[in-house]
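So the sequence lines, in the order shown, correspond to chains A, B and C. In this text, residue positions in the first sequence follow our numbering: the first is 1, and each later residue adds one. In this text, residue positions in the second sequence follow our numbering: the first is 1, and each later residue adds one. In this text, residue positions in the third sequence follow our numbering: the first is 1, and each later residue adds one.
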Amino acid sequence: METLQNILLGFAVALTPVNLFWCFVGVFLGTIVGILPGLGTPATIAILLPLSFQMNPATGLIMMAGIYYGSKYGGSTTSILMNLPGETASVVTCLDGYQMARQGRAGPALGIAAISSFVAGTVGILGLMLVAPPLARFALRFGPPEYFSLMALGLTMVIFLAGKSMIKGLLAALIGLWLASIGTDTFTAEPRFIFGRLELLDGVDFIVATIGIFAIGEVLVNLEEKTKIDLFKVPKGLRNLLPTLQDLKDCRFAFLNGSVVGFLIGVMPGAGATIASFLSYGLEKAVSKNPDKFGTGAIEGVAAPEGANNSETGGALVPLLTLGIPGSNSTAMLLAALTLWGMKPGPLLIQEHPEIFWGLVASMYVGNIMLLILNLPMVPLFAKILRVPNYFLYPVILGISVVGVYAVNSSMFDIWMLALFGILGYVMRKLDFPAAPLVLALVLGIRAEETFRQSLIMSQGDLSVFLTRPLSVIMLLTAAVLLAIPIFRWTQAWRKQTASEEN
Amino acid sequence: MKTTRAFIVIAATMVVATLAVTPVNVLGQGFKPTRAVDVVNHSRAGGGSDLFARALVQMLEQEKLIPPGWQVLNKAAGAGAQAMAYLAEKKGDPHTISVFTNTWVVTSLTVKETTYTIDDFTPLVRMILEPTVAVIKGDSLYKNLKDFVEDAKKKPGQLIQVGGTVSSVDNLFRNLIQKTTGAKWQYVDVRSGGERIANLLGGHMHIYFAQPAEVSEHVRAGNVKIIAALTESRLEGLPNVSTIKEQGIDVPIITQVRGAVGPPAMPKDRVQYWEGLFLRLTKTASWKKYVKENEVESAYLNSEQLGASLKELSNQLRETLKEAGVKVVR
Amino acid sequence: MKRSDLLSGLFLIGFGLFIIREASAMKYSYVHGPGPGFLPFWIGVLLVALALILATMSAFYFYSEKERKANRADWWKAIRVAGTWVAFLFMIALADKIGFILSFVIFTVFLVSAVDRRSLSTGITVALAIAFGFYLIFVYAFGLRLPVGPWGF
């Protein structure tokens, strides 16, 4: 009953014309920012912050949150159409999304991404609304050992991303881990592999690495030959541009998987959308009846990570709004905005300012519907981007990558790194090394090492700390099971083969 | 909505009132920026120094001390190293200043790759001092820091402090206290402030040396309690919390400084402009509100005083860092 | 024998050895656990081990006829890619001197007209159109600060 009253209060706030307008502005800007690689949510919020000083905190938060979840929607577009992830969380979307586009199924891929984002996004908000306080208390049970096990679980996803050669997948992951180790070791203040460059003291920015390897690398590969005007065929007619009923049926589990995994990972401060999207992709492939389809254009491979990426937003707002603890750069920026507006986000926010919390929750329902309405009709339009001549498209991609990366830290060094990662991406592609494991290891490696060392300091060097804490054990077991599935399948296939040979 | 409107009316009245009392022409003579100024900081968007820089610009604008349009520039790499390199590059540019913290001093002392150190820049003003307080979980049995230290003596190495990097004020305080009391406990470095509080709330770690504003909401909710102020005298906002020295632990106090510096060798008239501008800011209502809300101490120093104070801080940090086992290169 | 795998295997062995050498100069352990040198050391070891397997396995690989054809080194491809990349580096270097917008125009003209062999007029049109769009969106609308040249753009 109380929840009902609260949600009514929330809608009363969210549906005022002023808030509706700024909610729309937020999600619209978010979509655009999501499409542009590099720029990212924290930088956008920082740019728009001065604009919001005139607003009241509820309106400001509604708009800023709109940018945050709106950008997640937009992130899939370039991944699918151009194999160009705008952020690390969309890297897995490329794997099957781009393949679908090459087969002329760009429309269904974009459509399913929008639908899955909507479904999972809504589940995330439901979770935020119904179980935020108890869930936040649960998330506090995650100490360094639990985080390490979560990172270990995330890293096992490498085996689902390796593609044709497991060895090359593992080698790519190792290079990612090495890149992760660059920078100042915070425990001892000792610099590692910085090659005398100040800019490397903080480590390799994984956005720069992702955009370099994927966007620049992709363009370089395509420029090997004189570009064709029409690279992929784009079927005409609205029916071919949207997912079919069969597609939706295929994605039933992916919607659920994405929603739940994304939300739960989101609740953990410091875990992030990247691990959520990779984990849900791995899970989807692990339970799928035909895992071989993944990487060749499986629609579930788009739906699951896109869902996870979006429901992560709802999850990430849980520790932010119930405890004042931000778990990512984006939520840290929201926290900063709240502070600058004179609010004090903390454990008492929901009680003392219900209009802010419930107004935001209600506005997110509205915003998600706006995003669906905004995005679905744009699918045919976006799909037409593929008809834009490539000699026009490639300079745009290169230019946007440079601008996006530069905008974050206004650092020329980042652009040089972008170029370096670009050639690395090209070489890896030519030599058949998969890039996704590298990005995954780069993102998770830093935290995996940190939490491992933190845990051992806590336990005074006793390794059993990972096996005596129940949550940690559960995650390590899950990792073991996921590792065992492909091995089990290989032996199954091998046995069948030998059996048929004997016959 | 009504309260908001009322607030706007009050705020507007206050602004008008301040404008009416203060002669507009105080900044008339000498240097004045001719275009929007860049305020550099060494955090990423949303980090401590970024927020401070943004708050400064916002307040200056609100109080009509500057025209709108000043920008905050993030140069986050290398804990101040990149910001220092950038500011040094802007030698002679009248439209760039930077906010700084202790981090600049620590980086100058410990990072051998930095080409510039805090001494290379023109000190402008010190604005605030940030106190440090010792925080434990709300249901913990310790009544004060002394209890914690005694318990740590009983089980050496089993209690855990969560904090920032090895060269942060938190860890320096730990080393100082360990040295005077003989107690030993572990120190775990956790990257973000939010996660440090999460680790404290989750009971994974036992004590955190925080800034009051970081934990004030959790104190209010009863999740955590403050057991000592690591300051010379009791804090205005926390009159019931005894200082570390009152509790019988005699350690030198390290304070977190925030202020502004300019590019190397800034001419006198420009320094005067910045001194005047920020001094005027400290007299405004926005500033008083900011200081109160963020539970910091307004501690204005002019350029000359700041220069001397930075030298002192540098010497103090050099000694404590060495004792904490951090390699000092300068 | 698969030459690309052999070469990348050998390169990665060397790279792994480099990491091991660097890592052994770092502290291997710290209070109760691994130090800064622990992770890099094991990365290096695993890298060498896996790269050895890759290099060895490459010897037992036989190309199909189709692959043999596809593998024939095409110098034109390499030149086009290298040219694009070097031009990209030039653009970055120039951006600091003459501003991003102008250096991007020059780069795009090169990319379209020289690398992709469209006509010069196509190159100029495309470059100007994109640069104008960028200026409008990023500089004008978003208020981003890109590297500027002496002319203020």
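Just so you know, even glycine gets a beta-carbon here, dropped at the ideal spot from N, CA and C.
Contact under 8 angstroms by Cβ, residue i with residue j
i	j	result
Arg447 (chain A)	Tyr73 (chain A)	no
Thr125 (chain B)	Ser303 (chain B)	Correcting the residue type first, residue 125 (chain B) is Val in the shown sequence and not Thr. Going by C-beta atoms, Val125 (chain B) is nearer than 8 angstroms to Ser303 (chain B).
Gly70 (chain A)	Val18 (chain A)	no
Tyr394 (chain A)	Leu111 (chain C)	yes
Ser259 (chain A)	Val366 (chain A)	no
Gln211 (chain B)	Pro131 (chain B)	yes
Leu174 (chain A)	Ile43 (chain C)	yes
Ile227 (chain B)	Phe148 (chain B)	yes
Thr108 (chain C)	Val81 (chain C)	no
Ser167 (chain B)	Val326 (chain B)	yes
Phe187 (chain A)	Tyr30 (chain C)	yes
Ile213 (chain A)	Ala435 (chain A)	yes
Ile244 (chain B)	Ile136 (chain B)	no
Val302 (chain A)	Ala113 (chain A)	yes
Residues of its chain near residue i, where Cβ-Cβ distance is below 6 angstroms and the 5 sequence neighbours each way are ignored
i	result
Ser108 (chain B)	Thr117 and Ile118
Leu420 (chain A)	none
His218 (chain B)	Val224
Met1 (chain B)	Reliability of the predicted coordinates at Met1 (chain B) is poor, the pLDDT of 39 falling under 50, and no value is obtained from them.
Ala286 (chain A)	Leu482 and Ile485
Gly266 (chain A)	Glu312, Gly315 and Ala316
Gly127 (chain A)	Phe263 and Gly314
Selected residue, minimal CA-CA separation from residue i, among the options
i	options	result
Lys384 (chain A)	A:Gly75, A:Thr210, A:Ile80 and A:Asp185	A:Ile80
Ile211 (chain A)	A:Thr478, A:Val408 and A:Ser464	A:Val408
Asp205 (chain A)	A:Ser459, A:Thr478, A:Pro191 and A:Gly183	A:Gly183
Trp178 (chain A)	A:Gly203, A:Ile35 and A:Asp247	A:Gly203
Gly307 (chain A)	A:Leu110, A:Phe452, A:Leu482 and A:Ile167	A:Leu110
Asp120 (chain B)	B:Ala152, B:Arg280, B:Tyr86 and B:Pro68	B:Tyr86
Leu371 (chain A)	A:Asp432, A:Leu15 and A:Gly30	A:Gly30
Asn368 (chain A)	A:Gly324, A:Ile325, A:Gly314 and A:Phe413	A:Gly314
Phe48 (chain A)	A:Met63, A:Pro37, A:Gly38 and A:Asn56	As written in the sequence, residue 48 (chain A) is Leu, which differs from the Phe given in the question. Measuring from the Cα of Leu48 (chain A), the nearest candidate turns out to be A:Met63.
Ala129 (chain C)	C:Glu22, C:Phe18, C:Tyr30 and C:Val105	C:Val105
Pro37 (chain A)	A:Val405, A:Tyr391 and A:Gln54	A:Val405
Gly202 (chain B)	A:Pro145, A:Ser411 and A:Leu264	A:Pro145
Leu10 (chain C)	C:Phe41, C:Pro36 and C:Thr56	C:Thr56
Ala479 (chain A)	A:Ile167, A:Leu150 and A:Val131	A:Leu150
Pro134 (chain A)	A:Leu323, A:Lys496, A:Ser500 and A:Val261	A:Leu323
Phe100 (chain B)	B:Lys292, B:Val257, B:Gln305 and B:Thr165	B:Val257
Leu95 (chain A)	A:Val443, A:Leu463, A:Asn6 and A:Gly282	A:Gly282
Tyr68 (chain A)	A:Ala337, A:Gly107 and A:Arg252	A:Ala337
Nearest-angstrom Cβ-Cβ length linking residue i and residue j, presumed shorter than 8 angstroms
i	j	result
Glu199 (chain A)	Ala77 (chain B)	5 angstroms
Lys91 (chain B)	Pro264 (chain B)	5 angstroms
Leu321 (chain B)	Ser309 (chain B)	So it is not a contact: roughly 18 angstroms between Cβ atoms.
Ala215 (chain A)	Pro437 (chain A)	Their Cβ separation, rounded to whole angstroms, is 18 angstroms, which puts Ala215 (chain A) and Pro437 (chain A) out of contact at 8 angstroms.
Glu218 (chain A)	Met428 (chain A)	Contact flag wrong, Cβ pair sits at about 11 angstroms.
Leu65 (chain B)	Val40 (chain B)	About 19 angstroms; that fails the 8 angstroms criterion.
Thr114 (chain B)	Ala81 (chain B)	5 angstroms
Leu230 (chain B)	Ala152 (chain B)	Going by Cβ atoms, the distance from Leu230 (chain B) to Ala152 (chain B) rounds to 16 angstroms, so no, they are not a contact pair.
Ile13 (chain C)	Ala51 (chain C)	5 angstroms
Cβ neighbours of residue i in the same chain (closer than 7 angstroms, five flanking residues each side left out)
i	result
Phe142 (chain C)	none
Asn329 (chain A)	Pro42
Asp96 (chain C)	Pro147
Ser4 (chain C)	none
Asp269 (chain B)	Gly30 and Phe31
Tyr187 (chain B)	Gln161, Gly163, Asn171 and Arg174
Ile32 (chain A)	Gly74
Cut-off 8 angstroms between Cβ atoms - residues of its own chain near residue i, not counting five sequence neighbours on either side
i	result
Ile415 (chain A)	Val402, Val405 and Tyr406
Asp332 (chain B)	Here chain B comprises residues numbered 1 to 330, so residue 332 (chain B) is not present and cannot be evaluated.
Is the stretch 151-163 of chain A touching the stretch 136-147 of chain B in the sense that three or more CB pairs, one from each, lie closer than 8 angstroms? no
Is there contact here, the stretch 102-115 of chain A with the stretch 288-295 of chain A, by at least three beta-carbon pairs under 8 angstroms? no
Spell out a yes or no on whether the stretch 244-264 of chain A and the stretch 119-134 of chain A are touching, meaning 3 or more CB-CB pairs, one atom from each, closer than 8 angstroms. yes
Decide if the stretch 264-276 of chain B is in contact with the stretch 310-321 of chain B; the criterion is three or more beta carbon pairs, one per stretch, under 8 angstroms apart. no
Three or more C-beta pairs closer than 8 angstroms, one from the stretch 266-284 of chain A and one from the stretch 182-202 of chain B: is that the case here? yes
Beta carbons nearer than 7 angstroms to chain D: which residues of the stretch 16-33 of chain C have them? Checking the listed chains, one finds no chain D in this structure; the protein chains it contains are A, B and C.
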